[in-house]
Structures are given as C-alpha cells and as structure tokens.
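Student: In our numbering, the protein residues as written are 49 to 688. I have a structure I would like to understand better, so I am pasting it below and will then ask my questions one at a time.
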C-alpha cells in the first residue's frame with residue numbers, strides 16, 4: 049500500500065506495446081446543450097413542432113438544490129465535480145433516509161436489493177439534493193430531500209438516458225421521489241403555457257405557478273414531494289424541453305401500470321435526521337461525514353474508502369499523479385468506449401478548453417492493484433460554460449464525438465496484456481429501458497432534439513443573483529458599483545420598468561442596511577438568508593405591492609446551528625476558496641482569492657485600441673466578473 053500511495057507503482061509503470069487502457073463512465077448527468085437560437089426563437093420553434101404533431105413539450109419544476117449522483121454502494125456517490133466529501137455524505141444520508149421512509153420495516157432488505165440492482169445493471173441515478181445544511185440558495189427548505197431527475201445506463205459504454213416515463217416507472221418501483229411534470233401536446237396548451245409564464249415570471253410563486261399549469265397541461269404528473277410543503281413558495285424555475293410525440297401515450301401507460309407507491313415508514317423510528325446529526329457533530333468536516341455515513345448503514349456504505357481512504361494510508365493520498373492522464377492517452381484502448389473517451393480528452397486538451405482532468409486512486413479496486421494493473425478515478429471538471437459551447441460546435445465538425453456531460457466521472461484501468469495472462473473485459477450491460485442521447489431524437493433533427501429552455505422567476509432571482517451574488521461587489525466596491533451591477537442584471541433579464549423601479553428601491557435599502565450592520569466584514573453567501581429573509585419580511589409588510597415583489601418571506605428555518613463544516617471553504621464543485629474579510633487598508637495582494645492574473649498589452653501595434661479596451665474593462669461594473677482587483681498602466685497616458 050505504501051508503494052501505491054507514494055506513487056511508486058505509477059512512476060514505474062511505463063507505456064509500451066503491451067499497455068492497454070480501459071475506461072468506463074461511472075456517473076454522469078445530461079450533456080449541456082446551448083441553444084443557438086434566442087429564447088424567442090426557441091419558443092416559436094417549440095410551438096411550431098407541437099402544432100404540427102412532430103413533438104410534445106415537457107415541463108418540470110426546477111427544485112433549488114445541487115446535483116447529486118449515485119451509482120450504487122460500490123459505484124460511488126458524486127457531486128457535480130467532486131466525490132468523497134461532505135456533499136456526497138449528505139446526499140447518501142438523505143437518499144438512504146428517504147428509502148427508509150418509503151419502505152418502513154422492509155427498508156434494510158430493499159436498500160440492499162436497490163444497491164445490487166444499480167451495480168448489476170451499471171445504473172447511475174441523478175438527483176436534485178435539496179437541503180438546508182449545505183448553504184443557501186433561494187429559500188431554506190423546510191425539509192431535506194432528493195428528487196430524481198435522470199437515470200442513466202452505463203453498461204453499454206456510451207451513457208443512455210431513460211425517458212421521463214421510464215424514470216417515473218423506475219422510481220415508483222423502488223419508491224424513489226419523482227418530480228412534478230406537465231405535458232403539452234397541442235398548440236393551444238403550449239401557447240397557453242408560455243402566456244402563463246410571461247404573466248407570472250415576475251411575481252409567480254410555487255402555488256400560483258402550479259395551479260396555472262395544472263389547468264393548462266394536457267397531462268399532469270404530480271411530484272412525490274409537494275414543493276410548497278418541503279421547500280416553500282419561492283420557486284427557482286421551470287425547465288421546458290421537446291420530447292417525442294409519443295411521450296404522452298407512453299406517460300399515460302406508465303401512470304396506468306405504475307400507480308403511486310405507498311409510504312410504509314410513517315410509524316417506523318428513523319433515528320436522528322440530517323439537521324440533528326450535523327448539529328451534534330460540530331468538531332470538523334471529518335466528524336460530520338463519519339456520523340452521517342455510520343447512520344445510513346452498511347447497505348449504502350459497506351466501507352468509507354471514497355471518503356477516508358483505507359486504513360494505514362494518508363487521507364490526502366487519494367490524489368494521483370498527473371502522469372495518469374498522459375499514460376491513459378498513450379495506452380492502447382481496450383474497447384470502443386475507451387477509444388471515444390480518449391478522443392474526447394484529446395480534443396479538449398488540444399483546443400485548450402477550460403477544463404481539468406483530475407485523477408485519484410480508486411480505493412474500491414485496491415485488492416486488484418499490481419505492478420502491471422493500476423486503477424484510478426478521473427473527474428472531468430468543466431470550469432466554464434464556454435467549454436460546452438465550444439465543444440458543441442466541435443461536434444458539428446466531428447459527429448462521432450461523444451457529448452460532453454455535466455457531472456462526469458470515469459473509472460480508469462491501466463494494465464499490461466502479457467502472454468499467459470487473460471484479462472476479462474466487462475461485458476456490455478443493457479436492460480433496454482434507456483435511450484441514448486442520439487436515439488431519443490425519434491426522427492427529429494439534431495437542433496430540434498436538444499431544444500430546451502430554462503424559465504426562472506424573479507422572486508428567486510432577486511435573492512440569488514441580486515442579493516447573494518451581489519455581496520462581493522457591495523462590500524468590496526461599494527453601493528454605486530452594486531447599483532450598476534443589479535441594474536445591468538435586470539436589463540439582461542428584460543425586467544419590466546415598473547419592477548426595475550420597485551427592485552431598485554428595495555435593493556438600495558438592502559445595501560444601506562447590510563453595510564451599516566456588517567461594516568467591511570462581508571456577509572457569508574452560504575448563510576445570507578439569515579439577514580435577507582427578515583429584511584424581506586419587514587419590507588413585504590409595508591404594502592401589497594411590496595409583498596408581490598418579494599413573493600414570500602420570513603423563513604423560520606435557522607441554519608447556523610446545523611450548517612455543515614467545510615474544511616477549506618469548498619462548495620459542492622470542490623473548487624472554491626474560503627471567503628475572507630475585506631478590509632480596505634489591507635494591501636490588494638492579500639485580498640485576492642484565486643486565479644491571480646495579469647493582462648498585458650504589448651506596445652508594438654500602434655492604433656489597435658489598447659487604451660480603449662482598458663478603459664472599457666475599468667468602467668465595467670464587476671470588472672472581469674470574478675471580483676479580482678484590476679490595475680491598469682496605459683503607456684500613452686502615463687508620464688515618466
């Protein structure tokens with residue numbers, strides 16, 4: 049083991065003609081597609097396709113949480129770009145508890161069967177993890193829960209995704225929570241949907257939005273969890289996408305064949321809940337993770353190796369040397385899937401897309417490790433949405449490329465295929481339930497098959513985008529810069545003039561209030577609602593107009609007592625640094641959080657608008673968009 053964790057095995061593993069690589073996707077979410085058309089054009093195309101009977105429009109609720117993926121007790125638990133941390137420990141606990149609530153006295157048996165089913169069929173379940181212990185979004189939820197948003201088959205190589213009717217059938221079989229879904233299959237219903245959103249986009253809450261859509265939709269599938277009861281009235285948004293014209297018929301069949309399951313855990317003791325466990329274990333992140341994993345039980349966590357490594361090894365040694373990636377690309381692919389993954393990585397590296405390929409030791413395979421047989425996990429971490437847009441364009445020139453998925457985790461095996469030694473490759477597994485991202489098109493053109501639009505509500509955006517995301521600008525650059533920031537956001541959203549005026553008044557009050565209370569010590573974005581909710585509640589009480597603007601306020605959920613402890617200040621993507629107090633007298637160099645950099649314009653090209661560009665950057669509210677201080681030395685404007 050000491051050789052493994054010291055990197056000696058990898059260092060001594062040379063690539064030659066006998067070296068092979070086997071790569072298998074272990075967990076992934078849907079690929080991220082960017083619409084080339086404007087939102088108005090997307091709407092028009094959706095209406096046209098539904099009107100002609102070419103497609104159905106499917107709409108689902110967007111719960112306000114974070115991505116959590118689960119591939120079985122051996123396959124692992126994953127956040128958006130990380131694993132083996134407090135975020136995945138919370139996810140495993142919440143999922144396990146929900147199964148106990150659903151199955152009652154049968155829970156232990158069903159949890160074991162469920163994990164074995166995922167492993168046997170190489171399935172990954174993606175969920176929205178909604179909890180008050182991982183930091184504030186738009187509203188602190190009243191309960192901690194998950195909602196299944198995707199089921200992915202990984203046994204055949206390329207990920208294949210279940211359709212929504214198949215997801216509902218799968219979830220009802222295992223008593224997993226499903227989302228609220230509406231189907232619109234006529235011109236009248238789909239145009240009525242967009243009209244309803246336009247009428248509600250600035251003041252809509254969960255109650256008013258769900259009531260309106262229930263009346264308009266051709267088919268309604270209620271969610272397992274009522275958003276109003278478990279999260280609250282503040283609704284993040286809706287996701288509308290084009291699906292096959294046969295989806296309505298398929299959905300009706302599933303609803304008929306798979307009625308909503310009973311809940312047998314109402315009278316069964318479930319033990320301490322998530323918030324109680326986090327509140328009782330306040331020493332550090334490691335203590336909280338251990339308490340959560342022990343509580344969830346052996347069915348979900350037969351060992352804690354993904355979180356803590358293995359006995360006698362250093363916890364931090366799970367990081368593998370960067371040479372893993374180069375050796376993976378040099379090795380001969382053992383199958384087509386490996387070849388396609390190598391191709392994807394090469395394209396992203398050659399084009400210099402903003403992404404990282406982070407490799408770790410695979411502790412679940414430690415017993416199989418030998419000098420000529422090494423196992424790793426690779427996380428493909430996309431740093432910027434621009435990478436998805438650029439990759440999408442690359443796919444047009446190279447249709448054989450696999451899509452770039454969100455939440456992308458791969459098991460890597462580097463081995464030597466020597467004489468006298470047989471390597472048994474995993475056989476392709478497929479239950480036939482899923483359909484891959486190309487075959488879900490059902491005859492639709494590529495751009496039509498991926499038509500999707502996210503529709504968010506102002507009552508959510510004013511909290512997250514305008515209040516929470518504006519905190520660094522307000523505290524570091526002042527109230528004038530903050531005002532410029534929120535006005536620019538509202539213009540981008542095409543907020544109505546009346547609402548812009550109302551919001552400006554409220555946000556100016558907020559800026560004065562919070563600066564007066566906190567001075568130069570920035571309010572933490574992870575607990576910002578502790579201050580924002582009481583402020584919004586008092587503001588809403590002044591008039592019905594204010595109440596409509598705010599939507600709902602006054603959450604009674606106090607998070608400070610049970611908020612998780614995150615060592616190093618990461619978020620669920622694993623790439624954020626701790627927030628630091630901002631003191632104006634402190635040298636700027638000490639206030640830089642991350643990504644220090646310098647833009648240099650060489651003076652060899654006269655008249656190329658160097659100074660004009662610098663001035664434009666300096667005059668842009670928020671600077672480069674990541675709160676770094678900017679210094680400019682424009683040669684033609686500086687004497688000496």
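Using N, Cα and C, we set each Cβ at its ideal position, and we do this for glycine too.
1. Can you tell me the Cβ-Cβ gap for residue 117 and residue 77, rounded? I've got them flagged as a contact below 8 Å.
2. Residue 184 and residue 566 look like a contact to me (Cβ under 8 Å); what is the Cβ gap, rounded to whole Å?
3. Quick check: residue 282 and residue 599, are their CB atoms within less than 8 Å of each other?
4. So, residue 69 versus residue 462, is the Cβ gap smaller than 8 Å?
5. Helix, strand or coil for residue 407? Go by DSSP, reduced to three states.
6. Could you check where the alpha helix (DSSP H) with residue 298 kicks off and where it finishes?
7. Does the separation of the CB atoms of residue 499 and residue 93 fall below 8 Å?
8. Can you confirm whether residue 165, when its beta carbon is compared against all beta carbons of chain D, has any partner nearer than 8 Å?
9. Could you check if residue 87 is buried or exposed, using at least 16 other CB atoms within 10 Å of its CB as the buried criterion?
10. Could you check what DSSP says for residue 61 in three-state terms: helix, strand or coil?
11. For residue 323, which residues does DSSP report across the bridge?
12. What are the complete beta strand (DSSP E) segments, minimum 3 residues, inside the stretch 399–468?
13. Give the straight-line distance between the Cα atoms of residue 279 and residue 530, rounded to the nearest whole angstrom.
14. Near residue 252, which residues of its chain fall below 6 Å by C-beta distance, leaving aside the five closest residues on each side in sequence?
15. Looking at the unbroken beta strand (DSSP E) that takes in residue 261, where does it start and where does it end?
16. What does residue 329 pair with, by DSSP beta-bridge criteria?
17. Which residue spans inside the stretch 109–183 form an unbroken beta strand (DSSP E) run of at least 3?
18. Can you name the residues that DSSP bridges to residue 268?
19. Would you give the residue range spanned by the alpha helix (DSSP H) that residue 500 belongs to?
20. Report the partner residues of residue 198 according to the DSSP bridge assignment.
21. Would residue 427 pass as a contact of residue 457 if the rule is Cβ separation under 8 Å?
22. Could you have a look at residue 72 and say whether DSSP puts it in helix, strand or coil?
23. Please say whether residue 414 and residue 238 have beta carbons closer to each other than 8 Å?
24. Just checking, does the stretch 437–450 make contact with the stretch 386–401 on the three C-beta pairs under 8 Å criterion?
25. Taking all protein chains shown into account, do 16 or more other C-beta atoms lie within 10 angstroms of the C-beta of residue 65, making it buried, or fewer, making it exposed?
26. First and last residue of the beta strand (DSSP E) that includes residue 290?
27. Pop quiz: residue 75 and residue 152 are said to be a contact at Cβ under 8 Å. What is the actual Cβ separation, rounded to whole angstroms?
28. Give the list of continuous beta strand (DSSP E) stretches no shorter than 3 residues that lie fully inside the stretch 556–580.
29. Among the residues of its own chain, which have a CB less than 6 Å from the CB of residue 162, if the five just before and after it don't count?
30. Could you spell out the range, first to last residue, of the alpha helix (DSSP H) harbouring residue 522?
31. For my contact list, residue 286 and residue 109 are in at a C-beta cut-off of 8 Å; report their separation, rounded to the angstrom.
32. In angstroms with no decimal places, state the Cα-to-Cα distance between residue 194 and residue 501.
33. Report all residues from its chain with a CB closer than 8 Å to the CB of residue 57; omit the five preceding and five following residues, and keep chain order.
34. With 16 as the cutoff for other CB atoms within 10 Å, does residue 300 come out buried or exposed?
35. I need the straight-line Cα distance from residue 261 to residue 387, nearest angstrom please.
36. Taking a contact to mean a Cβ-Cβ separation below 8 Å, would you say residue 147 touches residue 172 in this structure?
Tutor: According to the data block:
1. Correct: roughly 7 Å between the Cβ atoms.
2. Rounded, the Cβ-Cβ distance is 16 Å, inconsistent with contact.
3. yes
4. yes
5. The answer is strand: DSSP assigns residue 407 an E or B state.
6. 295–305
7. yes
8. Of the protein chains in the structure, only one exists, and it is not chain D.
9. exposed
10. coil
11. Answer is none; residue 323 lacks a bridge partner.
12. The stretch 399–468 contains these whole beta strand (DSSP E) runs: 403–409, 421–430 and 456–464.
13. 29 Å
14. For residue 252, the CB contacts under 6 Å within the same chain, skipping 5 residues up- and downstream, are 505 in chain order.
15. Premise fails: residue 261 lies in the alpha helix (DSSP H), 254–264, not in any beta strand (DSSP E).
16. Answer by DSSP bridge pairing: none, since residue 329 is not bridged.
17. 114–118 and 171–178
18. 230
19. No alpha helix (DSSP H) contains residue 500, which is instead part of the beta strand (DSSP E) from 500–504.
20. 174
21. yes
22. strand
23. Taking 8 Å as the Cβ cut-off, residue 238 and residue 414 do not qualify as a contacting pair.
24. yes
25. exposed
26. That run of the beta strand (DSSP E) goes 285–292.
27. At roughly 29 Å, the Cβ-Cβ gap does not stay under 8 Å, so residue 75 and residue 152 are not in contact.
28. none
29. 222
30. 519–525
31. 7 Å
32. Per the coordinates, the alpha-carbon of residue 194 lies some 23 Å from the alpha-carbon of residue 501.
33. 51, 417, 419 and 422
34. exposed
35. 45 Å
36. Cβ atoms of residue 147 and residue 172: not closer than 8 Å.
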